[in-house]
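Undergrad: The structure follows.
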Amino acid sequence: MENLFSDRINDVPKSFIREILKVTIDSSIISFAGGLPNRHFFPVKALQQAAHDVFEEAGNEILQYANSEGYLGLRQFISHRYKQRDGLDIPVEDILITTGSQQGLDLLGKTFLNEGDDLIIEEPGYLGAIQAFAMYRPRFHPVPVTEGGMNIDKLAQIQDERQPKLLYTVTNFQNPSGISYNNANRRAVAELIRTSSCLIIQDDPYGDLRFSGERKISFKRLLPEKTVLLGSFSKIVAPALRLGWLAAPAPIMNKLVIAKQAADLHSDYLAQRILHRFLCDNDIDAHIATIIAQYGKQKEAMIGAIRDFFPADVRFTNPEGGMFLWITLPEGMSSMALFEAAIKQKVAFVPGTPFYVDRKDSNTLRLNFSCVDEQTIVEGIKRLGQSIKELV
Ligand code: PMP
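If you're matching positions, the sequence shown starts at 1002 in the numbering used here and goes up one per residue.
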């Protein structure tokens, strides 16, 4: 059997996070390990109503095959929202509905990457993107991301040496670090890319989840012809719908549609129609405001508890939005060893290792703050602080 599998599938590891989440099924464990939106904010009743209404009105239509680009009404909603929120003109024709933004990553890999092609990713970077791109066997070039954004010198060096095809970035409240690029850093990245043949993939599932600070400039404004934007309804409505989108200039879109047709013909049309109805009949901004008010409080609780209970030489990011923050333990300390110790204290997190393409261990870890209430956060961080002190 073993020799039947493709090299492609043999080379890509299983999602480490999914493996870790198995440990946290035990309900007595305080888990900062997940990457899930808080289920209390799923608009259950409103989606139920939207489903009821579209079935009543167009039952035969919504159960039929549909076009690959996606439901026009939903694409119009997305285009309009970019205009309203960011002043960006993105025509409906440039928007492709995808089966979650995760599929967007796969379609981009399929469309652009030959084996051995050079691809820039953030370090640490989104594990799901590493996994999706790894299927196409590129050469990964990690560029460190720290408070404020990408390391420009390293980016320039890779640009010079390799002329990579793609640069993958999560510029707002990055998964895993919670870091956002400031405007100066975005401009510096754009200047380096402007004269190259590289495309920027700006993956932005968290951009709407800002609880403090100002919205930052999009690469789509800085480099409209060289930027592919990815968006998602997972964090602002519900992930089970599996609906996201890609926004790309026409020549790229034509190829992406071919990749999309080969993958699944089209994303779930029923889900698209229910979601569209929900978006027409409800105030999505009010819904998002409710979510971020709570996430903001939970983040504050976590930061406060870290200050109270972690040793002073542990560093942490303090995100203005999103669902994660990033911890850097003292040099030489293993986050894998801490994971083992913390599980005994019934606290879980994700060790930093899977967010790097080339490390076996690290002194970093990701903490999720979206799913745990403030009181439990304080208790969990207290236990984790204790585990860190015991390891020193
Ligand atoms: N990109 C990033 C950075 C993410 O964190 C996630 C979800 N964890 C995704 C893409 C995939 O999201 P979805 O497919 O649900 O839209």
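Even glycine gets a Cβ: it sits at the ideal position worked out from N, Cα and C.
1. Apart from the five residues just before and just after Q1103, which ones in its own chain have a Cβ nearer than 7 Å to its Cβ?
2. Could you tell me if the beta carbon of Q1050 falls within a distance shorter than 7 Å of some heavy atom in the ligand PMP?
3. Give me the Cα-Cα distance between I1285 and F1310, rounded to the nearest whole angstrom.
4. Can you round the beta-carbon distance between A1302 and V1379 to whole angstroms, since I take them to be within the 8 Å contact cut?
5. Taking the beta carbon of P1139 as the centre, do at least 16 other beta carbons fall within 10 Å, making it buried, or is it exposed?
6. Would you list the residues whose beta-carbon is nearer than 5 Å to any heavy atom of the ligand PMP, in the order they occur in the chain?
7. Give the DSSP-derived three-state secondary structure of F1370 in the structure shown.
8. For a test of the three-state rule: what should DSSP assign to P1145, helix, strand or coil?
9. With DSSP as the reference, label F1056 as helix, strand or coil.
10. Expressed to the nearest angstrom, what Euclidean distance is found between the alpha-carbon atoms of E1215 and F1006?
11. When we look at the beta-carbon of P1252 and count the other beta-carbons within 10 Å, is it buried (16 or more) or exposed?
12. What does DSSP give as the partner residues of Q1203 in its beta bridges?
13. Can the beta-carbon of F1212 be found less than 8 Å from the beta-carbon of E1321?
14. T1112 lies in the alpha helix (DSSP H); which residues open and close that run?
15. Here's a check: name, in chain order, each residue in its chain whose Cβ is nearer than 7 Å to the Cβ of G1381, leaving out the five neighbours to either side.
16. Going by the CB atoms, is the gap between D1204 and P1165 shorter than 8 Å?
17. According to DSSP, is S1032 part of a helix, a strand, or is it coil?
18. For T1291, report the span of its alpha helix (DSSP H) as first-last.
19. Give me the DSSP bridge partner(s) of R1211.
20. Under a Cβ-count criterion, where at least 16 other Cβ atoms within 10 Å of its own Cβ denotes burial, should Y1083 be classed as buried or exposed?
21. Mapping the DSSP letters down to three states, classify V1258 as helix, strand or coil.
22. Taking all protein chains shown into account, do 16 or more other C-beta atoms lie within 10 angstroms of the C-beta of D1107, making it buried, or fewer, making it exposed?
23. Between the alpha carbons of T1228 and F1113, how many angstroms are there, rounded?
24. If we require 3 or more residues per run, which beta strand (DSSP E) segments fall completely within the region 1339-1383?
25. Work out the CA separation of E1391 and G1245 for me, nearest whole Å.
26. For C1281, count neighbouring C-beta atoms within 10 Å of its own C-beta (all shown protein chains included) and say buried if the count is 16 or more, exposed if not.
27. Could you give the residue range of the alpha helix (DSSP H) that holds A1191?
28. Please report the straight-line C-alpha distance between Q1262 and I1010, rounded to a whole angstrom.
29. Looking at the structure shown, is R1086 part of a helix, part of a strand, or coil, going by DSSP?
TA: Once the coordinates are examined:
1. In the sequence shown, residue 1103 corresponds to position 102, counting from 1. Here the set comprises G1129, A1133.
2. Within the sequence shown, residue 1050 is the residue found at index 49, counting from 1. No; taking the cut-off as 7 Å, the Cβ of Q1050 has no heavy atom of the ligand PMP nearer than that.
3. Position 284 of the sequence shown, counted from the first residue, corresponds to residue 1285. Position 309 of the sequence shown, counted from the first residue, corresponds to residue 1310. Rounded to the nearest angstrom, the two C-alpha atoms are 37 Å apart.
4. The count along the sequence shown starts at 1 and reaches residue 1302 at position 301. The count along the sequence shown starts at 1 and reaches residue 1379 at position 378. Sure, about 6 Å apart at Cβ, within 8 Å.
5. By one-based count along the sequence shown, residue 1139 stands at place 138. It is buried - the Cβ of P1139 has at least 16 other Cβ atoms within 10 Å.
6. Selection output, chain order preserved: G1036, G1101, S1102, Q1103, Y1127, V1171, N1176, D1204, P1206, S1233, S1235, P1240, G1245.
7. The count along the sequence shown starts at 1 and reaches residue 1370 at position 369. F1370 falls in the coil class under three-state DSSP.
8. Along the sequence shown, read from residue 1 onward, the residue named residue 1145 stands at position 144. Judged by DSSP in its simplified three-state form, P1145 adopts strand.
9. Residue 1056 sits at position 55 when you count from the first residue of the sequence shown. For F1056, the secondary structure class from DSSP, reduced to helix, strand or coil, is helix.
10. Working through the sequence shown from its first residue, we reach residue 1215 at position 214. Working through the sequence shown from its first residue, we reach residue 1006 at position 5. If I take the Cα positions, the gap works out to 48 Å.
11. Here residue 1252 refers to the residue found at position 251 when the sequence shown is read from its first residue. Classified as exposed, P1252 has fewer than 16 neighbouring CB atoms from the shown chains inside 10 Å of its CB.
12. Stepping through the sequence shown from its first residue, residue 1203 is reached at position 202. Note: Q1203 sits in a beta bridge opposite T1170, L1230.
13. Position 211 of the sequence shown, counting from 1, holds the residue named residue 1212. Position 320 of the sequence shown, counting from 1, holds the residue named residue 1321. It is a contact, given that the beta carbons lie within the stated cut-off.
14. In the sequence shown, counting from the first residue as 1, residue 1112 sits at position 111. 1101-1113 is the extent of the alpha helix (DSSP H) around T1112.
15. The count along the sequence shown starts at 1 and reaches residue 1381 at position 380. Excluding sequence neighbours, G1381 sits near I1031, F1033, V1348, V1373.
16. By one-based count along the sequence shown, residue 1165 stands at place 164. By one-based count along the sequence shown, residue 1204 stands at place 203. Not closer than 8 Å, so no.
17. Here residue 1032 corresponds to residue number 31 of the sequence shown, with the count starting at 1. DSSP places S1032 in strand when its eight states are reduced to three.
18. Here residue 1291 refers to the residue found at position 290 when the sequence shown is read from its first residue. Residue range 1285-1310 is occupied by the alpha helix (DSSP H) that includes T1291.
19. As a working mapping, residue 1211 is identified with position 210 in the sequence shown. For R1211, the pairing in a beta bridge is given by DSSP as G1322.
20. Sequence index remark: in the sequence shown, residue 1083 carries index 82 (1-based). Result: buried.
21. Counting from one through the sequence shown, the residue named residue 1258 turns up at place 257. Looking at V1258 - three-state DSSP - the assignment turns out to be helix.
22. One-based indexing of the sequence shown puts residue 1107 at position 106. In the assembly as shown, D1107 is a buried residue. Its beta-carbon has 16 or more other beta-carbons within 10 Å.
23. Residue mapping note: residue 1228 aligns to position 227 of the sequence shown, counting from 1. Residue mapping note: residue 1113 aligns to position 112 of the sequence shown, counting from 1. Cα to Cα, T1228 sits roughly 13 Å from F1113.
24. 1365-1369, all fully within the region 1339-1383.
25. Indexing the sequence shown from 1 puts residue 1245 at position 244. Indexing the sequence shown from 1 puts residue 1391 at position 390. Looking at the two C-alpha atoms, the distance is approximately 43 Å.
26. Translated into positions along the sequence shown, residue 1281 becomes position 280. Per the 10 Å Cβ criterion, exposed.
27. To locate residue 1191, count along the sequence shown from 1; it is residue 190. Start and end: 1184-1195.
28. Along the sequence shown, read from residue 1 onward, the residue named residue 1262 stands at position 261. Along the sequence shown, read from residue 1 onward, the residue named residue 1010 stands at position 9. Cα to Cα, the separation comes out at about 22 Å.
29. Here the question's residue 1086 lines up with position 85 in the sequence shown. Helix at R1086.
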